Structures are given as C-alpha cells and as structure tokens.
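Enquirer: In the working numbering, the protein residues as written are -4 to 112. Every residue gets a Cβ at the ideal spot worked out from N, C-alpha and C, and that includes glycine. These numbers were taken from a predicted model, which means no experiment stands behind them. First the structure, then my questions, so here it is.
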Amino acid sequence: QVQLVESGGGLVQPGGSLRLSCVASGIAFGIYAMAWHRQAPGKQRELVATITSGSSTNYVDSAKGRFTISRDNAKNTVYLQMSSLKPEDTGVYYCNANQMLLQRAYWGQGTQVTVSS
C-alpha cells in the first residue's frame, strides 16, 4: 500500500518560515520524481516545486529564491523549506510522487499552510 504523508503545515505570520515534510512508503522512493503542489481557496492546484530522482530541482516563479525542495532517499522523505512567506502562499500543500516510465503517480492528503497576521 502506497502512502504519502505530509506534515509541517500551520499558521505563520508574513515573513515567517515553515518546513514541510512528506514521508513515502510502499514505493521505491529513489526512482520517483517528487513534487509539491498547492491549492489556494477557490483556485486550481498548482505546481510549486519539483525534484528529480537525480536531485535536479525546479520552481514556479513565485517560489524562486524563497522555497527550497530537497530529498533524503535514506528516509524516503521530501522536504519543502519555505521562507519569506506571503499571504498568497496560503493553501493546502500536497506531496506528489511520479514515475513516468512506470506510469505511476501518487498523492498525499495535504497539509494546510496559512500565512496571516
């Protein structure tokens, strides 16, 4: 059974920081590309950051310079370090595991991030 379990969300003031974690089980984590997506209230889910199995990273423009995605294959965990948070970063953050050759994709249940004073 595949599970992706996110944690680390919460309420933070503008300018603050949070680190999200996503622990994967039931998959060969090291061969999966991992990503963080977010969904703001009333909006479509959007891709925030990706990290390949080889640890190459990519970010949506609004996250560049503020967010860092990383992975620890020994712990089957992907992280999203978020700093200089803005109210527009508010939303539910979802972890995604994707393996194109195997045509497999999995999602976590999401963790709420609220940036507000």
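Going by alpha carbons, who is nearest to TYR88 out of ALA44, GLY60, PRO9, ILE26?
Expert: Checked all of ALA44, GLY60, PRO9, ILE26; the closest Cα to TYR88 is ALA44.
Enquirer: DSSP beta-bridge partners for THR45?
Expert: THR45 is bridged to ALA30, ASN53.
Enquirer: ARG66 to ASN53, Cα distance in whole Å?
Expert: Spanning the two alpha carbons is a distance of roughly 13 Å.
Enquirer: Which residues bound the beta strand (DSSP E) around ARG99?
Expert: Per DSSP, ARG99 belongs to the beta strand (DSSP E) from 99 to 102.
Enquirer: Among TYR27, SER78, ALA69, PRO82, which residue has its Cα nearest to the Cα of TRP116?
Expert: The question about residue 116 has no answer here: the residues shown for the chain are numbered -4 through 112.
Enquirer: Taking contact to mean 3 or more Cβ pairs, one atom from each stretch, closer than 8 Å, check whether the region 6 to 20 and the region 96 to 111 are in contact.
Expert: Yes, they touch.
Enquirer: Where LEU6 and SER112 are concerned, what is the direct C-alpha to C-alpha distance, given to the nearest angstrom?
Expert: Between LEU6 and SER112, the C-alpha separation is close to 9 Å.
Enquirer: Could you have a look at ALA35 and say whether DSSP puts it in helix, strand or coil?
Expert: Residue state, collapsed to three classes: coil.
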